[in-house]
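Here is the structure we will look at.
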Amino acid sequence: MGMNNWKTLSRTSVGIMITALLVVGCNTSSTAPEEPADGNAGTGAAEQTNEKAPEAAEEVGYPDEITYWVQLNANVAATMKDYGEIAAYKKVAELTGTKVTFQHPPVGQEKDQFNLMIASGELPDVIEYPWAAAPKGADSLIKEGRILRLNELIAEHAPNLTKILDENPDYRKMVTTDEGNIYVMPFIMGDPSLSVVHGPIVREDWLKKLGLEQPTTIAEWEAMLTAFRDGDPNGNGQKDEIPFLFNINDIDLDHLFVGAWGITQDFYQENGTVKYGPIQPEFKEYLATLAKWYKDGLIDPDFATTDGKLKDAKVTGNQLGAFTGYPGSSIGRYIDLMKENPEFSLVGPVYPALEEGGYAMGNYSYPFSGIGAAVSATADNPEQIVKWLDYKYSEEGHFLFNFGIEGESYTMVDGYPTYTDVILKNPDGLPITQAMAKYFTANWSGPFIQDKRYMEQYYQLDQQKQANQNWSQADHSKHLPPLTLTADESSKTASIMNDVKTYRDEMINRFIMGAEPIDNFDKFVSTIENMGIQEAIAARQAALERYNARK
Amino acid sequence: MSLMPRRKSGPPVTGVDKNAFSYRAFRDLKLNKYIYVMLVPVIAYYVVFLYGPMYGLQIAFKDYSAGAGMWNSPWVGFKHFESFFESYYFWRLLRNTVLLSLYELVFAFPASIILALLLNELRSNRFKRTVQTVTYMPHFISIVVISGMLVDFLSRDGLINNVIAMFGFERTAFLGEAGWFRSIYISSNIWQSVGWGSIIYLSAMSSIDPSLYEAARVDGANRWKQTLHVTIPGIMPTIVILLILQIGSFMTVGTEKILLLYNPTTYETADVIGTFLYRKGILEADYSYSAAVGLFNSVINFALLVLANAASKKSGNNLW
Numbered sequence: 003m004g005m006n007n008w009k010t011l012s013r014t015s016v017g018i019m020i021t022a023l024l025v026v027g028c029n030t031s032s033t034a035p036e037e038p039a040d041g042n043a044g045t046g047a048a049e050q051t052n053e054k055a056p057e058a059a060e061e062v063g064y065p066d067e068i069t070y071w072v073q074l075n076a077n078v079a080a081t082m083k084d085y086g087e088i089a090a091y092k093k094v095a096e097l098t099g100t101k102v103t104f105q106h107p108p109v110g111q112e113k114d115q116f117n118l119m120i121a122s123g124e125l126p127d128v129i130e131y132p133w134a135a136a137p138k139g140a141d142s143l144i145k146e147g148r149i150l151r152l153n154e155l156i157a158e159h160a161p162n163l164t165k166i167l168d169e170n171p172d173y174r175k176m177v178t179t180d181e182g183n184i185y186v187m188p189f190i191m192g193d194p195s196l197s198v199v200h201g202p203i204v205r206e207d208w209l210k211k212l213g214l215e216q217p218t219t220i221a222e223w224e225a226m227l228t229a230f231r232d233g234d235p236n237g238n239g240q241k242d243e244i245p246f247l248f249n250i251n252d253i254d255l256d257h258l259f260v261g262a263w264g265i266t267q268d269f270y271q272e273n274g275t276v277k278y279g280p281i282q283p284e285f286k287e288y289l290a291t292l293a294k295w296y297k298d299g300l301i302d303p304d305f306a307t308t309d310g311k312l313k314d315a316k317v318t319g320n321q322l323g324a325f326t327g328y329p330g331s332s333i334g335r336y337i338d339l340m341k342e343n344p345e346f347s348l349v350g351p352v353y354p355a356l357e358e359g360g361y362a363m364g365n366y367s368y369p370f371s372g373i374g375a376a377v378s379a380t381a382d383n384p385e386q387i388v389k390w391l392d393y394k395y396s397e398e399g400h401f402l403f404n405f406g407i408e409g410e411s412y413t414m415v416d417g418y419p420t421y422t423d424v425i426l427k428n429p430d431g432l433p434i435t436q437a438m439a440k441y442f443t444a445n446w447s448g449p450f451i452q453d454k455r456y457m458e459q460y461y462q463l464d465q466q467k468q469a470n471q472n473w474s475q476a477d478h479s480k481h482l483p484p485l486t487l488t489a490d491e492s493s494k495t496a497s498i499m500n501d502v503k504t505y506r507d508e509m510i511n512r513f514i515m516g517a518e519p520i521d522n523f524d525k526f527v528s529t530i531e532n533m534g535i536q537e538a539i540a541a542r543q544a545a546l547e548r549y550n551a552r553k
Numbered sequence: 191m192s193l194m195p196r197r198k199s200g201p202p203v204t205g206v207d208k209n210a211f212s213y214r215a216f217r218d219l220k221l222n223k224y225i226y227v228m229l230v231p232v233i234a235y236y237v238v239f240l241y242g243p244m245y246g247l248q249i250a251f252k253d254y255s256a257g258a259g260m261w262n263s264p265w266v267g268f269k270h271f272e273s274f275f276e277s278y279y280f281w282r283l284l285r286n287t288v289l290l291s292l293y294e295l296v297f298a299f300p301a302s303i304i305l306a307l308l309l310n311e312l313r314s315n316r317f318k319r320t321v322q323t324v325t326y327m328p329h330f331i332s333i334v335v336i337s338g339m340l341v342d343f344l345s346r347d348g349l350i351n352n353v354i355a356m357f358g359f360e361r362t363a364f365l366g367e368a369g370w371f372r373s374i375y376i377s378s379n380i381w382q383s384v385g386w387g388s389i390i391y392l393s394a395m396s397s398i399d400p401s402l403y404e405a406a407r408v409d410g411a412n413r414w415k416q417t418l419h420v421t422i423p424g425i426m427p428t429i430v431i432l433l434i435l436q437i438g439s440f441m442t443v444g445t446e447k448i449l450l451l452y453n454p455t456t457y458e459t460a461d462v463i464g465t466f467l468y469r470k471g472i473l474e475a476d477y478s479y480s481a482a483v484g485l486f487n488s489v490i491n492f493a494l495l496v497l498a499n500a501a502s503k504k505s506g507n508n509l510w
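In order, the protein sequence lines correspond to chains A and B.
Heads up: the first sequence is residues 3 to 553, going by this note's numbering.
Heads up: the second sequence is residues 191 to 510, going by this note's numbering.
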């Protein structure tokens with residue numbers, strides 16, 4: 003008797019345990035499966051609103067539900083919990099009847115979360131990501147069954163995007179990998195003026211006070227920074243000015259100073275030949291110049307430990323003379339923050355060259371840089387998802403994601419979508435970037451074509467427009483197009499580049515700070531050579547040649 | 191049980207051997223069945239969350255590909271271990287890991303013992319409690335906040351530099367200089383853990399027989415001698431056991447804190463195996479390689495634990 007009781011009890015308890023474990027183990031993966039979407043509620047609504055769709059797509063409706071993984075943009079995070087609260091997405095949900103569940107990784111952990119998600123295989127339906135940062139190439143992710151090749155799906159179910167790619171063969175070339183795969187519904191910058199977004203920024207009022215012109219050469223920069231150091235431009239009688247804040251990641255982005263020597267801190271091309279900047283002899287001169295500046299007190303001695311918050315404090319504390327940044331989140335935001343000090347002004351000078359009229363390289367991105375929305379291989383209804391994503395490339399979708407809701411966030415003035423005061427002078431006192439984020443995603447990215455008319459209005463201040471013009475004057479011929487490495491190339495060279503980049507970052511800082519004498523530059527180069535840089539260069543060379551050979 | 195068939199030859203079997211382990215275990219199971227049922231969740235926890243995941247260790251010997259999955263990725267033997275040992279950073283990582291742990295052992299470990307001994311000598315109970323509260327408070331602050339405070343305090347216009355400047359000395363970018371990293375790391379660890387760590391020693395001290403102190407006093411021992419000959423031997427077992435535990439995690443230095451405090455300029459002294467693993471495994475998604483490095487780390491930890499325990503057997507205070 004007792005025995006039987008025990009058995010029953012133990013079976014029950016073990017059973018409960020196992021069930022509990024299974025539930026815990028599985029609830030993350032088993033949320034998605036839905037019945038295939040034929041004859042669901044969303045279909046009817048969809049067909050009513052999209053009469054223009056070609057015949058092939060008519061059997062396919064919009065999906066009922068989508069899970070959508072995307073990094074949470076800071077402008078959204080400032081006032082909202084997820085992308086579902088953005089007016090453009092609300093409108094899309096209304097029009098298509100699709101319920102979108104957004105998944106946002108914790109801010110600052112986007113890269114970790116993305117990598118873990120890809121490795122675990124538990125994927126949401128749509129993944130929007132800067133895919134150039136994915137550890138393995140897109141082609142290998144398609145082979146491994148993580149994301150879908152979209153070529154056929156786009157051809158059949160994405161008439162709007164197909165039209166755009168057909169009209170712009172350049173775009174098609176960029177969004178197609180070497181193996182001929184289109185792996186995302188892309189984010190494309192629809193005008194060359196959108197391609198330059200970052201550059202040097204200088205205190206304009208300090209220049210005026212010291213009677214200086216905007217610098218155009220390295221020598222003029224040195225003279226200006228020295229004047230910032232000695233001339234007490236903030237007028238508090240103390241020598242507390244920080245002439246320039248060096249930021250290694252920003253320089254990777256915009257090649258300030260190093261570009262004057264015709265090289266970069268990373269890979270670049272010269273007439274079709276790929277080179278790695280830090281091992282070029284010019285790099286030594288660049289480092290020597292910055293090391294001298296550091297020694298002379300022209301560079302912030304805390305640059306290695308200064309984060310965004312500290313940078314803000316240094317700018318708004320009237321301490322910092324020159325730095326690097328964006329027209330919106332730097333020039334616009336700082337001028338706004340310093341409203342009480344009407345003298346405060348920033349200017350974005352041209353990228354400096356070695357001598358007057360010489361070569362200067364600057365920030366530039368190709369219209370497609372790898373950002374886009376991929377459809378995961380585990381999605382149940384890729385046709386419907388592609389059709390849903392394609393809406394953003396339609397005329398209405400384009401306006402929705404660049405300008406928001408007509409009559410609310412913009413009005414048509416002589417055929418020009420003009421932002422209303424809800425955006426430009428937000429009644430709740432929101433900065434322009436956050437007001438925009440309430441309505442649309444044009445001020446960062448997403449799977450749609452960015453409209454230059456957004457930028458024309460986003461840059462409200464003359465200083466911003468001027469900066470954009472000045473920075474655009476730099477040479478863009480040495481930038482690498484969006485390359486795709488093969489799985490083999492990327493797995494071999496990822497490891498090399500990890501070592502090289504760690505070493506490079508460390509040594510650039512050490513050289514500049516004087517912890518390492520410039521005479522050791524040759525040793526620095528040979529160490530990088532020994533790490534296998536030539537193999538990494540060769541891989542990119544091959545990728546560039548494949549890119550150039552694309553039709 | 192009595193239905194056992196008798197055998198034709200050999201000594202008669204009168205019943206089961208009541209001393210056999212299986213018999214005793216079964217009896218015990220029957221008697222205490224509910225207590226054993228309560229054990230099930232614990233065992234399940236260990237199996238599912240601690241032993242189960244160990245099968246993933248195999249990827250250290252494979253070229254893991256997310257598409258092929260754990261089982262189907264190709265075996266590559268010791269390739270990843272070899273490439274780690276040959277890596278440009280291997281010796282530096284090993285040196286930094288070992289040094290930080292060693293300093294932790296030499297400076298931070300005795301710190302809480304010393305604090306406990308000092309507190310033990312205090313007469314004013316109120317003062318003692320205040321000191322205790324103040325010293326163990328930092329233990330409850332999250333590592334992220336602690337690191338944020340450190341960055342603020344140590345920056346060029348932070349608290350510490352302001353004090354230094356007040357006395358007319360040069361300001362230093364502490365977190366930007368490789369030479370400072372270890373001191374900052376260890377001293378902030380002491381600040382964080384000294385109060386909390388001393389609690390266990392204080393409780394060990396309170397269980398020392400007061401008659402021992404009386405006897406020592408009768409023999410003419412002053413406070414210092416009493417400490418030396420009664421208090422310290424009294425807490426010795428606690429010290430040894432905590433030391434063994436500490437050694438068991440010798441190679442596991444606080445990766446999170448280092449990640450929050452380091453930057454390329456201080457890699458020279460700050461980059462440890464754990465942070466390297468993070469960059470390689472999580473940021474570069476090189477899972478096989480980082481599994482190999484992690485396994486290497488754990489094997490050393492395990493070996494050190496066994497060694498420490500063996501060494502402590504001599505003092506009779508070993509763990510097992």
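We treat Cβ as the ideally placed atom computed from N, Cα and C, and that holds for glycine.
Asked	Found
Three-state class that DSSP yields for Cys28 of chain A in the structure shown	At Cys28 of chain A, the pLDDT of 39 sits below 50, so the modelled position is not reliable; the number obtained from the coordinates is stated separately. Helix at Cys28 of chain A.
Leu450 of chain B in three-state terms, based on DSSP	helix
For Asn453 of chain B and Gly366 of chain B, the rounded distance between their alpha carbons	7 Å
Nearest-angstrom Cβ-Cβ length linking Asp302 of chain A and Ile253 of chain A, presumed shorter than 8 Å	No, Asp302 of chain A and Ile253 of chain A are not in contact; Cβ-Cβ is about 14 Å, not under 8 Å.
Any non-hydrogen atom of the ligand PLP closer than 7 Å to Tyr403 of chain B Cβ	Among the ligands in the structure shown, none appear at all, so the ligand PLP cannot be discussed.
Close-in-space but distant-in-sequence residues of the same chain around Gly424 of chain B (CB under 6 Å, 5 per side omitted)	Ile398
Contact set between Pro454 of chain B and chain A, taken where Cβ atoms lie within less than 8 Å	Ile250, Ala306, Thr504, Asp507, Glu508, Ile510, Asn511
Straight-line Cα distance separating Leu426 of chain A from Val317 of chain A	24 Å
Within chain B, the residues that Asn500 of chain A reaches when beta carbons sit closer than 9 Å	Arg469, Lys470, Leu473, Glu474, Asp476
Beta-carbon contacts of Asn555 of chain A that lie in its chain and below 7 Å, excluding the five residues immediately before and after	Shown here, chain A extends from 3 to 553; a query on residue 555 of chain A therefore has no answer.
Residue nearest to Gln73 of chain A in terms of C-alpha spacing, selected from A:Pro107, A:Lys83, A:Gly63	A:Pro107
Cβ distance (whole Å) where Gln321 of chain A is taken to contact Asp423 of chain A below 8 Å	Their Cβ separation, rounded to whole angstroms, is 34 Å, which puts Gln321 of chain A and Asp423 of chain A out of contact at 8 Å.
At least three beta-carbon pairs within less than 8 Å, the stretch 360-373 of chain A to the stretch 169-181 of chain A	yes
Same chain only: Cβ atoms within 6 Å of Leu143 of chain A, ignoring 5 sequence neighbours per side	Ile149
Endpoints, the alpha helix (DSSP H) within which Trp208 of chain A is located	206-211
Reference Thr228 of chain A, options A:Asp298, A:Val352, A:Ala376, closest by Cα	A:Asp298
Beta carbon of Tyr421 of chain A nearer than 8 Å to that of Ser411 of chain A	yes
Chain A residues whose Cβ lies nearer than 9 Å to that of Val341 of chain B	Thr307, Asp309, Leu312
Leu497 of chain B, buried or exposed, once every other Cβ within 10 Å from all chains shown has been counted against 16	exposed
Option nearest Lys92 of chain A by Cα separation, candidates A:Lys211, A:Asp268, A:Gln462, A:Lys440	A:Lys440
Test: Ala324 of chain A CB closer than 8 Å to a CB of chain B	no
Paired residues, beta bridge with Ser378 of chain A - DSSP	A:Ile149
Reference Ala140 of chain A, options A:Leu485, A:Val349, A:Asp232, closest by Cα	A:Leu485
Which listed residue (B:Gln382, B:Leu290, B:Asn315) has its alpha carbon closest to that of Val335 of chain B	B:Gln382
Spatial neighbours of Ala301 of chain B in its chain, beta-carbon cut-off 7 Å, leaving aside the 5 residues before and after	Ile380, Val384
The alpha helix (DSSP H) enclosing Val352 of chain A, as first and last residue numbers	First-last for Val352 of chain A: undefined, no H or E at that position.
Thr103 of chain A, enclosing beta strand (DSSP E) - first and last residue	101-105
Three CB pairs or more closer than 8 Å across the stretch 304-322 of chain B and the stretch 457-472 of chain B	no
Closest residue to Glu342 of chain A among A:Val349, A:Ser332, A:Gly319 (Cα-Cα distance)	A:Gly319
Contact set for Gly41 of chain A: own chain, Cβ-Cβ below 7 Å, skip 5 residues either direction	Unreliable positioning characterises Gly41 of chain A in this predicted model, as indicated by a pLDDT of 37, which lies under 50. The coordinate reading is nonetheless provided below. Same-chain partners within the cutoff: there are none.
Coil, strand or helix - Phe269 of chain A by DSSP	strand
Secondary structure of Leu125 of chain A, DSSP reduced to three states	coil
is_contact[Arg148 of chain A, chain B] using C-beta, thresh 8 Å	yes
Reduced DSSP secondary structure (H/G/I, E/B, other) of Thr218 of chain A	coil
Cα-Cα separation, Glu206 of chain A to Val349 of chain A	5 Å
First through last residue of the alpha helix (DSSP H) which encompasses Glu96 of chain A	89-98
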